[in-house]
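Engineer: Below you'll find the structure I mean.
Protein chains in written order, with our numbering: chain B, 3 to 642; chain R, 277 to 351.
Following this line, the structure appears as structure tokens:
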């Protein structure tokens with residue numbers, strides 16, 4: 003049995019999915035977080051079923067990539083039951099997608115999620131009536147609390163057996179006429195797609211769905227007929243077919259909504275008062291800065307508190323080992339490498355990464371991020387993007403991979419390329435580890451903050467330059483601002499774990515093996531070869547020669563650079579072997595240079611080979627230039 | 277009186293008369309619940325020509341000024 007969860011952005015599909023699947027989908031209180039779909043085998047009352055969480059889509063005729071993915075999935079796969087998840091508090095608007103989904107003629111359950119939110123807004127829905135009109139089961143749920151989900155999936159299972167199909171929306175005579183006229187050539191030419199009906203195809207062609215138009219472009223007869231019919235609709239209804247159909251569907255939804263919903267007086271909502279402050283022209287920005295500052299302070303304090311004592315434990319361990327093995331044998335070197343790989347993860351990465359990812363999840367689920375997009379829109383415009391592209395940037399502080407993937411929520415290719423290239427410049431948590439573990443720890447918190455500020459400044463400048471290279475007016479912001487929601491602690495923890503898992507399962511093993519490997523090449527004195535090759539580089543930046551080899555590891559995973567640095571310098575008391583200037587230059591270089599291997603992979607997929615190669619070259623050049631510039635400014639400043 | 281949405285003061289409501297512009301913009305707005313004939317309320321306006329926040333059909337939507345200027349409302 004295959005079940006697909008479909009719904010408009012931010013209606014709670016992923017929360018439902020997470021309740022039944024092991025934690026896979028990323029939920030947040032931000033429209034457009036599920037940018038690629040997640041599939042999971044789940045057991046529903048003993049029955050094994052394939053459940054798919056699709057990216058939120060406002061409509062089945064789409065303009066952004068993530069939405070097109072959803073639509074194409076729906077029409078190309080054999081799906082047994084569609085679960086149409088709807089935010090009950092905006093039922094009127096959401097029914098438009100429901101009507102479009104009914105046109106797919108597949109068994110479907112309507113899930114009215116966030117029922118508590120709807121009641122708070124004074125919206126009371128007559129489930130039975132709605133179910134009777136649409137001829138599909140309707141279930142009310144509160145997904146964050148897990149309420150109603152059992153009943154939902156009981157209905158899903160029952161429907162998978164009965165295979166009932168709901169009502170099919172009918173339009174005005176002029177549109178219905180065009181649909182049946184278009185169905186004929188589709189039938190004759192056997193243009194049918196495997197999983198969709200003739201009527202659906204005809205409607206999509208009439209609605210000028212770019213995907214189908216392109217697909218049938220070569221069919222002259224069909225295109226000519228479509229053109230003729232479009233002209234007729236325009237004459238009769240006064241609007242082009244896409245708009246005429248959209249307004250009819252809108253009217254249908256609103257009528258339906260009025261019929262099934264009773265509107266009572268809404269309870270006064272304190273959240274509006276919160277927005278009066280957090281979205282205020284002045285206070286909004288002050289709070290934005292305070293929230294971000296507080297966030298990074300907490301992460302730093304928490305991490306710093308744990309880092310030193312944890313490092314001490316591992317140092318003692320290594321000393322003890324040296325005492326019993328001797329320090330120069332192959333075995334001792336190997337074990338030391340393993341321990342340093344472990345200690346790097348436990349003492350340097352996790353203390354910062356855990357609170358960081360938890361905090362980011364909290365901000366996301368509370369619904370603060372769209373407010374940030376609103377506040378930042380005017381500034382993002384200045385670098386040729388709009389407020390929505392702040393999302394890839396914020397996600398970028400976590401990891402560049404989801405950040406690059408999140409650029410799919412942007413409408414044009416140009417925006418996606420610029421946003422992806424700039425997002426990889428944002429220091430991801432791995433690079434933050436270096437900023438915290440090296441600069442904040444040894445040089446001081448203000449120096450670390452300085453690197454973040456420098457980074458923002460460089461991103462702004464790079465954006466300006468990119469806009470010059472690829473000029474075009476960015477389309478304006480159009481973004482839903484969801485209500486604040488109190489996230490469930492369980493979901494937050496799961497989400498933190500989900501993001502952390504990447505590090506634990508993928509990066510950490512590479513780190514340990516890499517650390518061992520480095521021990522071995524050091525034992526065999528091969529590191530000298532690599533360091534010699536990179537010597538012109540490290541020399542120009544006045545970095546210790548041993549640093550060369552760590553930069554290579556940084557390409558695999560950024561956090562490796564720091565851990566490998568300790569390995570290469572033979573100590574984790576870095577202040578004894580590096581000056582503050584060297585630490586700063588090293589960090590600046592590492593923050594900006596080549597994106598890590600995983601990021602290069604996604605970039606390649608999202609923006610293509612040419613732009614990926616450009617990004618690699620440009621970031622490395624930029625990193626070298628900035629590090630060099632910084633070195634000279636520091637030297638000049640300190641000789642004053 | 278017909279005004280473009282970006283000229284409407286926060287706190288005021290109006291009925292959407294028309295959306296000027298290509299079909300892409302119109303469809304996108306319609307998907308987010310903003311159709312000609314709908315009532316919208318302007319809730320806030322960002323600084324430095326930042327976006328405006330409107331409420332339409334129970335949802336809050338942030339719109340850039342460029343797009344807002346294409347929405348004509350009867351106040």
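Virtual Cβ for every residue (Gly too), placed ideally from N, Cα, C. On a predicted model such as this, the values are computed, not experimentally measured, just so you know.
#1: Which first and last residues belong to the alpha helix (DSSP H) in which residue 598 of chain B is found?
#2: Taking three-plus beta-carbon pairs below 8 Å as touching, is the stretch 609–618 of chain B in contact with the stretch 550–569 of chain B?
#3: Given residue 25 of chain B, which residues of its chain have a CB within under 6 Å of its CB, disregarding the five upstream and five downstream residues?
#4: Between which residues of its own chain and residue 449 of chain B is the CB-CB distance below 6 Å, once the five residues before and five after are set aside?
#5: Can you give me the Cβ contacts of residue 377 of chain B inside the same chain, cut-off strictly under 6 Å, excluding the 5 residues immediately before and after it?
#6: Please confirm whether residue 486 of chain B and residue 369 of chain B have their CB atoms less than 7 Å apart.
#7: Can you tell me whether DSSP reads residue 279 of chain R as helix, strand or coil?
#8: Would you kindly report the start and end of the unbroken beta strand (DSSP E) that includes residue 315 of chain R?
#9: Pair every Cβ in the stretch 127–137 of chain B with every Cβ in the stretch 260–270 of chain B, then say whether three or more of these pairs are closer than 8 Å.
#10: Give a yes or no on whether the minimum CB-CB distance between residue 331 of chain R and chain B is below 7 Å.
#11: Use the C-beta contact count for residue 528 of chain B: other C-beta atoms within 10 angstroms, 16 or more gives buried, fewer gives exposed.
#12: Can you pull the chain B neighbours of residue 318 of chain R, defined as C-beta to C-beta under 9 Å?
#13: Just the chain R side, please: which residues come within less than 7 Å of residue 244 of chain B by C-beta, in chain order?
#14: Locate the alpha helix (DSSP H) running through residue 234 of chain B, then write down its first and last residues.
#15: Taking Cβ to Cβ, would you say residue 715 of chain B is nearer than 7 Å to residue 88 of chain B?
#16: Which of helix, strand or coil does DSSP assign to residue 612 of chain B?
#17: Within the 7 Å Cβ cut-off, does residue 376 of chain B reach chain R?
#18: Roughly how many whole angstroms lie between the Cα atoms of residue 50 of chain B and residue 161 of chain B?
#19: Comparing alpha-carbon positions, which option in B/75, B/62, B/59, B/539 lies nearest residue 53 of chain B?
#20: Determine contact between the stretch 298–307 of chain R and the stretch 614–632 of chain B, defined as no fewer than three beta-carbon pairs at a distance below 8 Å.
#21: Got a sec: which bits of the stretch 263–297 of chain B sit with their beta carbon under 9 Å from any beta carbon on chain R, in order along the chain?
#22: Is it the case that the stretch 307–323 of chain B contacts the stretch 380–388 of chain B, given that we only count it when at least three CB pairs across the two stretches are under 8 Å?
#23: From which residue to which residue does the alpha helix (DSSP H) around residue 198 of chain B run?
#24: What residues of chain B sit near residue 325 of chain R, judged by a beta carbon separation below 9 Å?
#25: From the DSSP output, which residues share a beta bridge with residue 9 of chain B?
#26: Relative to the C-alpha of residue 45 of chain B, which candidate in B/15, B/110, B/159 has its C-alpha closest?
#27: Give the single residue among B/436, B/103, B/171, B/56 whose Cα lies nearest to the Cα of residue 198 of chain B.
#28: What residue does the beta strand (DSSP E) around residue 481 of chain B start on, and which one ends it?
#29: Apart from the five residues on each side of it in sequence, which residues of its chain come closer than 8 Å, Cβ to Cβ, to residue 349 of chain R?
#30: Please identify, using Cβ separations under 7 Å, the residues of the stretch 463–492 of chain B that lie next to chain R, in order along the chain.
#31: According to DSSP, simplified to helix, strand and coil, what is residue 110 of chain B?
#32: Output yes if chain R places a C-beta closer than 7 Å to the C-beta of residue 26 of chain B; else output no.
#33: To which residues of the same chain is residue 321 of chain B closer than 6 Å at the C-beta, ignoring the five residues directly before and after it?
#34: So with CB distances below 8 Å, who are the chain B contacts of residue 287 of chain R?
#35: Which same chain residues, not among the five before or five after residue 584 of chain B, have their C-beta less than 6 Å away from its C-beta?
#36: Anything in the stretch 85–107 of chain B with a Cβ closer than 7 Å to a Cβ of chain R? List those residues in chain order, please.
Structural biologist: Let me lay it out:
#1: For the purposes of this step, residue 598 of chain B is identified with residue 596 of the first chain, where counting begins at 1. That residue, residue 598 of chain B, is in no alpha helix (DSSP H); it is neither H nor E in DSSP.
#2: no
#3: Position 23 of the first chain, counting from 1, holds the residue named residue 25 of chain B. Since pLDDT at residue 25 of chain B reaches only 46, below the 50 mark, its modelled position is unreliable, and no value is offered.
#4: Residue 449 of chain B sits at position 447 when you count from the first residue of the first chain. Counting only Cβ-Cβ distances below 6 Å, and skipping sequence neighbours, we find 441.
#5: Translated into positions along the first chain, residue 377 of chain B becomes position 375. So the qualifying residues of the chain are 286, 290.
#6: Mapped onto the first chain, residue 486 of chain B falls at position 484. Mapped onto the first chain, residue 369 of chain B falls at position 367. Yes, they are a contact pair.
#7: Here residue 279 of chain R is taken as the residue at index 3 of the second chain, counted from 1. Of the three classes helix, strand and coil, the one that applies to residue 279 of chain R here is strand, per DSSP.
#8: For the purposes of this step, residue 315 of chain R is taken as the residue at position 39 of the second chain. That run of the beta strand (DSSP E) goes 315–321.
#9: Yes, they touch.
#10: Stepping through the second chain from its first residue, residue 331 of chain R is reached at position 55. So no, residue 331 of chain R is outside the interface.
#11: Your numbering for residue 528 of chain B matches position 526 in the first chain. Taking every protein chain shown into account, the CB of residue 528 of chain B has fewer than 16 other CB atoms within 10 angstroms, so this residue is exposed.
#12: Reading the second chain from its first residue, position 42 is the one you call residue 318 of chain R. Going along chain B, no residue has its Cβ under 9 Å from residue 318 of chain R, so there is no contact; the nearest lies around 13 Å.
#13: For this step, residue 244 of chain B is matched to residue 242 along the first chain. Within chain R, the residues whose beta carbon sits less than 7 Å from that of residue 244 of chain B are 299, 303, listed in sequence order.
#14: As a first step, residue 234 of chain B is located in the first chain; it is residue number 232 there, counting from the start. Per DSSP, residue 234 of chain B belongs to the alpha helix (DSSP H) from 222–239.
#15: No answer is possible for residue 715 of chain B: the residues shown for chain B start at 3 and end at 642.
#16: Residue 612 of chain B sits at position 610 when you count from the first residue of the first chain. It is helical.
#17: Here residue 376 of chain B corresponds to residue number 374 of the first chain, with the count starting at 1. Yes, its Cβ sits closer than 7 Å to a Cβ of chain R.
#18: The count along the first chain starts at 1 and reaches residue 50 of chain B at position 48. The count along the first chain starts at 1 and reaches residue 161 of chain B at position 159. Rounded to the nearest angstrom, the two C-alpha atoms are 15 Å apart.
#19: In the first chain, residue 53 of chain B corresponds to position 51, counting from 1. Of B/75, B/62, B/59, B/539, the residue nearest in Cα terms is B/75.
#20: Touching, no.
#21: 274, 277, 278, 281, 282, 283, 284, 286, 287
#22: The answer is no - the stretch 307–323 of chain B does not touch the stretch 380–388 of chain B, with fewer than three Cβ pairs under 8 Å.
#23: For the purposes of this step, residue 198 of chain B is identified with residue 196 of the first chain, where counting begins at 1. Element bounds for residue 198 of chain B: n/a, residue is neither H nor E.
#24: Working through the second chain from its first residue, we reach residue 325 of chain R at position 49. What residue 325 of chain R touches in chain B: 380, 383.
#25: Residue 9 of chain B sits at position 7 when you count from the first residue of the first chain. Paired residue(s): B/87.
#26: Here the question's residue 45 of chain B lines up with position 43 in the first chain. Minimum Cα distance to residue 45 of chain B is reached at B/159.
#27: Within the first chain, the letter at position 196 stands for residue 198 of chain B. Distances from the alpha-carbon of residue 198 of chain B to those of B/436, B/103, B/171, B/56 put B/103 closest.
#28: As a first step, residue 481 of chain B is located in the first chain; it is residue number 479 there, counting from the start. Run containing residue 481 of chain B: 480–482, per the beta strand (DSSP E) assignment.
#29: Residue 349 of chain R sits at position 73 when you count from the first residue of the second chain. Here the set comprises 278, 279, 280, 281, 284, 290, 291, 292, 293, 316.
#30: 478, 479, 480, 481, 482, 483
#31: Within the first chain, the letter at position 108 stands for residue 110 of chain B. Three-state DSSP puts residue 110 of chain B in a strand.
#32: Locating residue 26 of chain B in the first chain gives position 24, where the first residue counts as 1. Note that residue 26 of chain B has pLDDT 49, beneath the 50 cutoff, so the model's placement of it is unreliable and the number below is only indicative. False, the Cβ-Cβ gap to chain R never drops below 7 Å.
#33: As a position in the first chain, residue 321 of chain B is number 319, starting the count at 1. Counting only Cβ-Cβ distances below 6 Å, and skipping sequence neighbours, we find nothing.
#34: As a position in the second chain, residue 287 of chain R is number 11, starting the count at 1. The contacting residues do not exist; residue 287 of chain R stays about 12 Å from chain B at best.
#35: The count along the first chain starts at 1 and reaches residue 584 of chain B at position 582. If the five residues before and after residue 584 of chain B are omitted, its C-beta is found closer than 6 Å to the C-beta atoms of 545, all from its own chain and listed in chain order.
#36: 91, 92, 94, 95
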